[in-house]
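*Asks:*
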Amino acid sequence: MKTMKALWGRSARALGQLSLSVAATLTTQAALAVGNLPGGPAVNQLDLHPPVTQIARDQIWLHYFMLVICTIIFLGVFGVMFYSILKHRKSKGYKAANFHESVKVEIAWTVVPFIIVILMALPATKVVVAMKDTSAADLTIKTTGMQWKWGYDYLKGEGEGIGFVSTLDTAHREMSNSGKPAGDNYLLKVDNPLVVPVDKKVRIITTANDVIHAFMVPAFGIKQDAIPGFVRDTWFRAEKVGDYYGQCAELCGKEHAYMPIHVKVVSQADYSAWVQDKLKAMAALADDPNKVWELAAMMERGEKVYAANCVACHQTTGKGAGPIKALDGSDIVVNDPAKQINILLNGANNGAMPAWKQLSDTEIAAVITYTKNSWSNKTGKVVQPAEIVAARK
Ligand SMILES: [Cu+2]
Numbered sequence: 133m134k135t136m137k138a139l140w141g142r143s144a145r146a147l148g149q150l151s152l153s154v155a156a157t158l159t160t161q162a163a164l165a166v167g168n169l170p171g172g173p174a175v176n177q178l179d180l181h182p183p184v185t186q187i188a189r190d191q192i193w194l195h196y197f198m199l200v201i202c203t204i205i206f207l208g209v210f211g212v213m214f215y216s217i218l219k220h221r222k223s224k225g226y227k228a229a230n231f232h233e234s235v236k237v238e239i240a241w242t243v244v245p246f247i248i249v250i251l252m253a254l255p256a257t258k259v260v261v262a263m264k265d266t267s268a269a270d271l272t273i274k275t276t277g278m279q280w281k282w283g284y285d286y287l288k289g290e291g292e293g294i295g296f297v298s299t300l301d302t303a304h305r306e307m308s309n310s311g312k313p314a315g316d317n318y319l320l321k322v323d324n325p326l327v328v329p330v331d332k333k334v335r336i337i338t339t340a341n342d343v344i345h346a347f348m349v350p351a352f353g354i355k356q357d358a359i360p361g362f363v364r365d366t367w368f369r370a371e372k373v374g375d376y377y378g379q380c381a382e383l384c385g386k387e388h389a390y391m392p393i394h395v396k397v398v399s400q401a402d403y404s405a406w407v408q409d410k411l412k413a414m415a416a417l418a419d420d421p422n423k424v425w426e427l428a429a430m431m432e433r434g435e436k437v438y439a440a441n442c443v444a445c446h447q448t449t450g451k452g453a454g455p456i457k458a459l460d461g462s463d464i465v466v467n468d469p470a471k472q473i474n475i476l477l478n479g480a481n482n483g484a485m486p487a488w489k490q491l492s493d494t495e496i497a498a499v500i501t502y503t504k505n506s507w508s509n510k511t512g513k514v515v516q517p518a519e520i521v522a523a524r525k
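Read the sequence shown against our numbering and you will find it ends at 525, with the numbers running on by one and no gaps.
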């Protein structure tokens, strides 16, 4: 039913676009220089979006399959009808045949449509069942419709724990307000696109905070209502790296047209890198730089930061090796916090000791505290995030 609805919606839209584009050409010939948006709408687009998933390809096939069957029936029925009307018209002296309660005819007009319906239902059911099979997903993402933006939470798979909100780019909001739209991605640009890896099964769980929205990405052939208090799901496996666009597809209030969907499909390597960056950025955001830490908690945190970033060179023993100076017993580490902070933020010896300013204030304070209180270094001193904040200025 959903497919049929979706397909119907699409063909109706294609017709709508046709009349719109005709109207547009009639009124404003050379007004807007807008081009096709790869992965999004095309200028005067009539056909369905180029498919990027097997499901979308199947839907297009079904769409044309049904269209061909309907066209054949249409031509057949109207052909017979007009032929009969013309050929057997009363003015030519034809007498109406009378085949009331003809068993043969009644069986024929029951069986033939039945066969046609089965012929259409079989492949359609196959695709609907495939669309609903959200099992064995590599990645599960919850999308929450909100008036008027999307929330994305990575629930399972690589990137678990990532969560952010995706809103229309403010420049586009202004373009809309001023009535001067520009660019091929007009009203489709967001601040934070949904990022997913290519060739992975991504399960999308939809829900909503306020009213019903719908998550739709035509190139993937997905369209799923997002209903407050309920969860629904759908899935896709994008086969090509690129940017794909959709919109909220359920009238949800006055800004319904301003909650676009932008899915960035990237290679596995790029995805892993993005996940790392995103998790780091989120951890940094989660830390309050004004918090005052106890030694024990700082040591525990610092040990993790040290293990993730420093052991490769300075060793778990803090002894370093060759040109990599020992931290164990280092005069700077034990006695000179200001210099140590400076080395951490800016690096030393032309980058032989890298700069770590991408770490959060809390992480830098923690790793410094850790090195001040490990091995033979027993200063008992805690460096607080606020000191790093001050040193960054
Ligand atoms: Cu909406």
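Note that the Cβ used here is the ideal one computed from N, Cα and C, for glycine as well.
Regarding Gly283 and ligand 1, is the C-beta to nearest heavy atom distance less than 6 Å?
*Replies:* Gly283 Cβ: outside cutoff for every heavy atom of ligand 1.
*Asks:* Please confirm whether Leu326 and Val373 have their CB atoms less than 7 Å apart.
*Replies:* Not closer than 7 Å, so no.
*Asks:* Can the beta-carbon of Gly289 be found less than 7 Å from the beta-carbon of Asp270?
*Replies:* Yes, they are a contact pair.
*Asks:* Let me confirm a value: Arg335 is counted as buried when at least 16 other C-beta atoms fall within 10 Å, else exposed. Which label applies?
*Replies:* Buried, by the Cβ-count rule.
*Asks:* For Lys321, I'd like the list of residues in its chain whose CB is within less than 8 Å of its CB, leaving aside the five on either flank, ordered along the chain.
*Replies:* Counting only Cβ-Cβ distances below 8 Å, and skipping sequence neighbours, we find Leu300, Asp301, Ala303, His304, Gly315, Pro392 and His394.
*Asks:* Just mark Gly172 as buried or exposed, buried being the case when its beta carbon has 16 or more other beta carbons within 10 Å.
*Replies:* Classification of Gly172: buried, given that the 10 Å Cβ count is 16 or more.
*Asks:* Would the beta-carbon of Ala358 fall within 7 Å of that of Ala381?
*Replies:* Contact flag unset, no.
*Asks:* Identify the continuous alpha helix (DSSP H) that holds Trp605 and give its terminal residues.
*Replies:* With the chain running from 133 to 525 in the structure shown, residue 605 is simply not present.
*Asks:* Would you mind sorting Met597 into buried or exposed? The rule is 16 or more other CB atoms within 10 Å of its CB.
*Replies:* Nothing in the structure corresponds to residue 597, since the chain is present only between 133 and 525.
*Asks:* If you draw a straight line from the alpha carbon of Asp190 to that of Pro329, how long is it in whole angstroms?
*Replies:* Their backbone Cα atoms lie some 22 Å apart in a straight line.
*Asks:* Over what stretch of residues does the alpha helix (DSSP H) that includes Tyr226 continue unbroken?
*Replies:* First-last for Tyr226: undefined, no H or E at that position.
*Asks:* So, for Val521: in the same chain, excluding its five sequence neighbours on each side, which residues have a beta-carbon less than 7 Å away from its beta-carbon?
*Replies:* So the qualifying residues of the chain are Pro421 and Asp493.
*Asks:* Enumerate in chain order the residues of its own chain whose CB-to-CB distance from Lys513 is below 6 Å, with the five nearest sequence positions on each side excluded.
*Replies:* For Lys513, where only same-chain residues beyond five positions count, the Cβ hits under 6 Å are Lys504.
*Asks:* Within the same chain, show all residues whose beta-carbon is closer than 8 Å to that of Gly454, passing over the 5 residues directly before and after it, in chain order.
*Replies:* Result list for Gly454: empty, nothing under 8 Å.
*Asks:* Rounded to whole angstroms, what is the Cα-Cα separation between Lys423 and Val515?
*Replies:* Their backbone Cα atoms lie some 12 Å apart in a straight line.
*Asks:* Just to confirm the assignment, what range does the beta strand (DSSP E) spanning Thr276 have?
*Replies:* Residues Leu271 to Met278.
*Asks:* For Val297, I'd like the list of residues in its chain whose CB is within less than 6 Å of its CB, leaving aside the five on either flank, ordered along the chain.
*Replies:* Answer for Val297: Lys281 and Gly283, listed in chain order.
*Asks:* Grouping DSSP H, G and I as helix and E and B as strand, with all else coil, what is Gln379?
*Replies:* The answer is strand: DSSP assigns Gln379 an E or B state.
*Asks:* Kindly confirm or deny that the segment 169-188 and the segment 363-378 touch, where touching means at least three C-beta pairs closer than 8 Å.
*Replies:* In short, these stretches touch, since the Cβ pair count reaches three.
*Asks:* On the DSSP bridge list, what partners appear for Trp282?
*Replies:* Answer is Gly277 and Ser298.
*Asks:* On the premise that Leu199 lies in contact with Val259, defined as a C-beta separation below 8 Å, what is that separation, rounded to the nearest angstrom?
*Replies:* Incorrect: roughly 15 Å between the Cβ atoms, too far for contact.
*Asks:* What is the DSSP secondary structure of Leu158, counted as helix, strand or coil?
*Replies:* Unreliable placement is indicated for Leu158, whose pLDDT of 45 sits below 50; the coordinate value is still reported in the next sentence. In this structure, Leu158 counts as helix in the three-state DSSP scheme.
*Asks:* Quick check: what's the CA-CA separation for Thr448 versus Ala439?
*Replies:* For Thr448 and Ala439, the distance between alpha carbons rounds to 8 Å.
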